[in-house]
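Colleague: Okay, handing you the structure first.
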Amino acid sequence: MSITNSTPVYLDNSEFFMNSGNIVNLSWPKVSEAFVKPLTSHVISFPGYDWTEPYPGSIIKEGHTMGLMISDDFFMDETAANKSTTVLTGLTFNIPKSMKSNRKALPMHPSWYICRHIFISTNAAIKKSGDENTCDALPLDCKNDLAAALTNDWGYKNEDSMCSQSIADPIPQSCVGTFGFSRQDILTINSTTLADPVLGPPLANSNPQQYGWHIGTGYH
146 MSITNSTPVY LDNSEFFMNS GNIVNLSWPK VSEAFVKPLT SHVISFPGYD
196 WTEPYPGSII KEGHTMGLMI SDDFFMDETA ANKSTTVLTG LTFNIPKSMK
246 SNRKALPMHP SWYICRHIFI STNAAIKKSG DENTCDALPL DCKNDLAAAL
296 TNDWGYKNED SMCSQSIADP IPQSCVGTFG FSRQDILTIN STTLADPVLG
346 PPLANSNPQQ YGWHIGTGYH
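For the sequence shown, my numbering gives the first residue as 146, with consecutive numbering after it.
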């Protein structure tokens with residue numbers, strides 16, 4: 146399979162799922178096809194800011210979205226004698242139309258740096274809350290601790306990132322009882338990455354992208 150025709154996927158939701166050893170390359174045409182009619186999908190809209198303007202920008206109440214899609218059983222290698230399958234989950238992120246031109250993101254002002262923190266939960270109550278577009282399943286102390294963890298050290302914790310947390314940092318202890326234990330992955334955006342022809346599209350597009358965020362459920 147040509148590397149230019151493949152998409153990187155985290156193979157399984159292990160504790161350190163974000164490690165490079167957990168990445169497999171799957172056929173992008175087949176992954177894309179699997180998400181044409183996903184088993185389930187959900188999109189949530191939330192207020193955000195216009196990052197085409199100098200920080201802090203003007204607030205935009207609607208148009209920033211995050212989408213989640215889950216595929217039916219996906220064959221890892223149809224040519225193998227043992228036809229293992231996995232279930233793929235994909236995330237998409239989109240921005241308001243006012244921040245696009247010809248369906249492409251307008252340039253980000255260089256004063257911005259965005260950190261998107263991804264935690265994975267298998268708790269049914271958390272899923273139900275997410276389906277209802279709320280965080281009501283999380284206790285107040287968890288919400289407060291999570292907000293503090295993701296913002297208090299923003300801009301000076303790491304030499305190579307502005308984010309307040311690092312990849313693989315755990316969710317606050319006050320969240321474990323309800324959300325479950327989870328280590329985080331982080332997607333970062335600045336004016337350079339958004340303008341990149343490969344890295345940019347997955348950061349601001351509602352459609353599945355070749356280099357978007359995908360994870361499987363291991364081999365079945």
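All residues carry an ideal CB built from backbone N, CA and C; glycine is no exception.
This one's a predicted model, so the numbers in the text were calculated from it and none came from an experiment.
Looking only at its own chain, which residues have a Cβ that is under 6 angstroms from the Cβ of S319, when we skip the five neighbours before and after it?
Modeller: The answer, listed in chain order, is D286, C287 and D290.
Colleague: Going by the CB atoms, is the gap between T230 and F220 shorter than 7 angstroms?
Modeller: Their beta carbons are under 7 angstroms apart, which means F220 touches T230 by this criterion.
Colleague: Rounded to the nearest angstrom, what separates E304 and D222 at their Cα positions?
Modeller: Approximately 40 angstroms between the Cα atoms of the pair.
Colleague: Identify which residue in P201, L283, W358 and I215 has its Cα closest to the Cα of I259.
Modeller: Checked all of P201, L283, W358 and I215; the closest Cα to I259 is P201.
Colleague: Thinking C-alpha only, which one of G193, P317 and N158 is nearest L283?
Modeller: Here the closest residue by C-alpha is P317.
Colleague: Distance check for W196 and T362, CA to CA, integer angstroms please.
Modeller: T362 and W196: Cα-Cα distance of roughly 35 angstroms.
Colleague: Taking the C-alpha atoms as reference points, what is the distance between A179 and S172?
Modeller: Taking the straight line from one Cα to the other gives about 11 angstroms.
Colleague: To test your reading of the DSSP string, which unbroken alpha helix (DSSP H) runs of 4 or more residues are found completely within the region 181-253?
Modeller: Whole alpha helix (DSSP H) segments, 4+ residues: zero.
Colleague: When the Cα atoms are used, what is the spatial distance from M214 to P255?
Modeller: Straight-line Cα distance between these residues: approximately 31 angstroms.
Colleague: Between F326 and S266, what straight-line distance do the alpha-carbon atoms span, to the nearest angstrom?
Modeller: For F326 and S266, the distance between alpha carbons rounds to 8 angstroms.
Colleague: On the DSSP bridge list, what partners appear for S151?
Modeller: Paired residues: S172.
Colleague: Within a Cβ cutoff of 8 angstroms, which residues of the same chain sit near K245, ignoring the five residues on either side of it in sequence?
Modeller: L251 and A349.
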